[in-house]
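Chemist: Numbering (this note's numbering), first residue to last: 3 to 524.
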Ligand SMILES: Nc1ncnc2c1ncn2[C@@H]1O[C@H](COP(=O)(O)OP(=O)(O)OP(=O)(O)O)[C@@H](O)[C@H]1O
Ligand SMILES: [Mg+2]
C-alpha cells in the first residue's frame, strides 16, 4: 500500500518496522524470487497495488491467471485476515478495494487482443519466435532489408509469407545484390511462419497494434491503470512468451521519452517466469536485453523480474536489480546450496541474523528484503512479513472477465482486427498482373504465329491458283474453270472466317479480363 509517500510492502518480522520501496528508486528495477508457493505472486500484487495507488501504471504478465483478481476487492475469510490484525494495518488505512485493470490476451480469448506487427517486432525477435538458426536469421534480416528497400509494408504473417515467397521467386537477382539467399533456408523460414500461424501467431501479429502510450494512464481517481496480460496459453510456448514480453520492453524503451531521474516511475513492468527469457538466449540477444534493462531506467520504466532463484538471472542483469524481495529458497542439492549461498552473499548483512540460514527458514509471505534507499544505497537486508493484498487473491470467473474486457475504454479500439493493404495484397496484385501479362504475351505470340501461317498459306494458295490458271488456260474448257474458282473461293473464305473469329475473340476476352482484373483489385 501507498503510505507515508512511499510503497509500504511489509513490516520487519522482529520489530514490526515498516519496510518501504522508495518511489524515486523504483525505476532501479527489482527482483521477486523464491521457491514455489512461498508468496511471490502476492508480493507482486502488493507492489503493483502500491504503484497504482501512487498514480503509476503497471504492466503484469499473468502466468497462472491468479493476478486477474486485481479488478475485484479482497475479502475477509482468507489468509489476509490474520495479517491485517497482527500487522495493525487498519490503523494505516488498509481496506479491501478493487483496482482499475485492463485485461489483455495475445490470442484475444481471455482479454482484449494485444497485437504487434511484423515490422515492429523486427527480424531479431521474430527469428527467436520462429526458432530460426543463425543462417536463417541472417536471411530474415535480408528479407526485411529488401522489404524496406522496395517499400513493402510488413504487417501480418501473410505479408511475411508473401514477401518470403517473392524473394524466393527473385532469389538470383536478390542474391547478387544482398548476398546469398539459400533456397532451403528460405523454405525453412516459410515453414516456421506457417507453423507460427497454426499456433495462433497470426492473431497477435497484425493490426491494430498496441500503442504503448495507451498504457501510460491513470483512472479518474488518479490511480495508475493496471494492464494484465493473460499468459496462461502464451507461456505454453516459452520462446514466444519471453520474446513477446521482451518486445514489449523494447517497445517501451523506444517509445518513451528520456526523463532522467524522476520522483516516481512512469510505468512499472512485472516480468513473471523471467528465467524463460534467458534460457537458450543467444549471446547477441543477452547483450541486447542487458542494454535495454540498463537504459530503460532513464525512460522512467522499472522492470521487476519474478523467478524462483536469482541464479536464473544472468549476472549482468542481476546486478542492476536494486529492489530485491527474496522469499524462501530450498537447498537440497549441492547446486541449490551454492545458489542459496550466492543469493545470501548478495545482500548487505544484517547483524541480527544469518542470511544464509534465514533464507531457508522463511515462512510463506515472508521475505528477505533489501531496497535502494533515497540516496541509491542498498539497505541492510531485513526479514520482512509481506502485507496482504487489498484486491482479491486468485483468479476471476470468465463472465466477470468478459465484463471487465467489454467495459474497458480501449475495447473499441483494439477488439477487432484490421487487415490493411500491405505486402501480401500488393504482391497478390503483382502476381495477377504478372500472370496476365504472361497470358497476354502468349496470346500475342500465338496471333503472330497464326498471322505468319496465314500469310504463308495465302502465298501457297496464290501460287497454286496461278499454276491452275496457267494449266486451265492451257488445257481445260472455260466452264470447268468457273467451278474450280468458286470451290477455291469458298474454302479460302471459310478458313479466314474461322481464324478471324477465333483469334479476335480470344484476344478481346483476354484483354477485357486483364484490364478488369487489375482495375477491380486496385
Ligand atoms: N503476503 C501474503 N499475505 C497473505 N497471504 C499470503 C501472502 N503471501 C502468500 N500468501 C498465501 O500463500 C499462497 C501462495 O502464495 P503465492 O501464490 O504468492 O506463491 P508463489 O510463490 O507465487 O507460488 P508459485 O511459485 O506456485 O506461483 C497464497 O495463495 C496466499 O494464500
Ligand atoms: Mg505465483
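Cβ atoms here follow ideal geometry from the backbone N, Cα and C, with glycine treated the same way.
Using alpha carbons as the reference points, say which of 87, 103, 365 lies closest to residue 406.
Modeler: 103
Chemist: What would DSSP say about residue 350, mapped onto helix, strand or coil?
Modeler: strand
Chemist: Mind checking which residues open and close the beta strand (DSSP E) that includes residue 139?
Modeler: Element bounds for residue 139: not the beta strand (DSSP E) but the alpha helix (DSSP H), 136–151.
Chemist: Give me the pocket residues for ligand 1, defined as CB within less than 5 angstroms of any heavy atom, sorted by chain position.
Modeler: In chain order, the qualifying residues are 38, 39, 40, 41, 42, 43, 44, 81, 366, 367, 388, 390.
Chemist: Can you tell me where the alpha helix (DSSP H) with residue 309 in it begins and where it stops?
Modeler: Not the alpha helix (DSSP H): residue 309 falls in the beta strand (DSSP E), residues 303–309.
Chemist: Taking contact to mean 3 or more Cβ pairs, one atom from each stretch, closer than 8 angstroms, check whether the region 84–96 and the region 383–391 are in contact.
Modeler: yes
Chemist: So, does the region 345–360 touch the region 56–74, judging by three or more C-beta pairs under 8 angstroms?
Modeler: no
Chemist: Classify residue 132: buried if its beta carbon has 16 or more other beta carbons within 10 angstroms, exposed otherwise.
Modeler: Counting C-beta atoms within 10 angstroms of its own C-beta, residue 132 has 16 or more neighbours from the protein chains shown and is therefore classed as buried.
Chemist: Looking only at its own chain, which residues have a Cβ that is under 7 angstroms from the Cβ of residue 218, when we skip the five neighbours before and after it?
Modeler: 59, 268, 269
Chemist: Enumerated in chain order, which unbroken segments of the beta strand (DSSP E) with a length of 3 residues or greater are wholly contained in the region 200–257?
Modeler: 228–232
Chemist: Note down, one range per segment and in chain order, each beta strand (DSSP E) of at least 3 residues found wholly within the region 308–339.
Modeler: Restricted to the region 308–339, the beta strand (DSSP E) segments that are unbroken, complete and at least 3 residues in length are 325–328, listed in chain order.
Chemist: On the DSSP letters alone, give me the boundaries of the beta strand (DSSP E) that residue 369 sits inside.
Modeler: Where residue 369 is concerned, the enclosing beta strand (DSSP E) starts and stops at 368–372.
Chemist: If residue 5 sits next to residue 164, beta carbons under 8 angstroms apart, how far is it from one beta carbon to the other, in whole angstroms?
Modeler: Their Cβ separation, rounded to whole angstroms, is 56 angstroms, which puts residue 5 and residue 164 out of contact at 8 angstroms.
Chemist: Could you tell me if residue 444 is buried or exposed, where buried requires 16 or more neighbouring beta carbons within 10 angstroms of its beta carbon?
Modeler: exposed
Chemist: Would you call the region 163–178 and the region 201–220 in contact, with 3 or more CB pairs under 8 angstroms?
Modeler: no
Chemist: Quick check on residue 77: buried or exposed, where buried means 16 or more other Cβ atoms within 10 Å of its Cβ?
Modeler: exposed
Chemist: Please tell me whether, using a cut-off of 8 angstroms, the distance from the CB of residue 274 to the nearest non-hydrogen atom of ligand 2 is below it.
Modeler: yes
Chemist: Which residue marks the beginning of the alpha helix (DSSP H) containing residue 121, and which one marks its end?
Modeler: 120–132 is the span of the alpha helix (DSSP H), which, as asked, contains residue 121.
Chemist: Measure the CB-CB distance between residue 228 and residue 306 and report whether it falls below 9 angstroms.
Modeler: Cβ distance not < 9 angstroms, so residue 228 and residue 306 don't count as in contact.
Chemist: Please report how far the alpha carbon of residue 46 lies from the alpha carbon of residue 380, in whole angstroms.
Modeler: It is roughly 20 angstroms from the alpha-carbon of residue 46 to the alpha-carbon of residue 380.
Chemist: Does ligand 2 have even one heavy atom less than 8 angstroms from the beta-carbon of residue 221?
Modeler: no
Chemist: Is the region 270–288 close to the region 10–21, with three or more CB pairs under 8 angstroms?
Modeler: no
Chemist: With three or more C-beta pairs closer than 8 angstroms as the rule, is the region 243–253 touching the region 31–51?
Modeler: As far as the Cβ criterion goes, the region 31–51 does not touch the region 243–253, which means the pair count is below three.
Chemist: Report all residues from its chain with a CB closer than 7 angstroms to the CB of residue 343; omit the five preceding and five following residues, and keep chain order.
Modeler: Contacts found: 358.
Chemist: Assign residue 11 to buried or exposed, taking buried as 16 or more other Cβ atoms, counted over all protein chains shown, within 10 Å of its Cβ.
Modeler: buried
Chemist: For residue 125, count neighbouring C-beta atoms within 10 Å of its own C-beta (all shown protein chains included) and say buried if the count is 16 or more, exposed if not.
Modeler: buried
Chemist: What does the Cβ neighbour count give for residue 158, buried or exposed, with the cut at 16 atoms within 10 Å?
Modeler: Burial of residue 158 is indicated by the presence of at least 16 other C-beta atoms within 10 angstroms of its C-beta.
Chemist: Kindly indicate which three-state DSSP category residue 382 falls into: helix, strand or coil?
Modeler: The three-state secondary structure of residue 382, taken from DSSP, is strand.
Chemist: For residue 8, is the classification buried or exposed, using 16 other Cβ atoms within 10 angstroms of its Cβ as the cut-off for buried?
Modeler: Buried is the call here.
Chemist: How would you label residue 465, buried or exposed, when you count the other beta carbons within 10 angstroms and need 16 or more for buried?
Modeler: exposed
Chemist: Please report how far the alpha carbon of residue 21 lies from the alpha carbon of residue 153, in whole angstroms.
Modeler: A direct Cα-Cα distance of roughly 55 angstroms separates residue 21 from residue 153.
Chemist: Taking 9 angstroms as the cut-off, decide whether the C-beta atoms of residue 142 and residue 86 are in contact.
Modeler: no
Chemist: For ligand 2, is there any heavy atom lying closer than 8 angstroms to the beta carbon of residue 66?
Modeler: Yes, the Cβ of residue 66 comes within 8 angstroms of a heavy atom of ligand 2.
Chemist: Below 9 angstroms between beta carbons: does that hold for residue 300 and residue 261?
Modeler: yes
Chemist: Look at the alpha carbon of residue 437 and the alpha carbon of residue 127, and state the distance between them as a whole number of angstroms.
Modeler: 35 angstroms
Chemist: Please classify residue 17: does DSSP put it in a helix, a strand, or coil?
Modeler: coil
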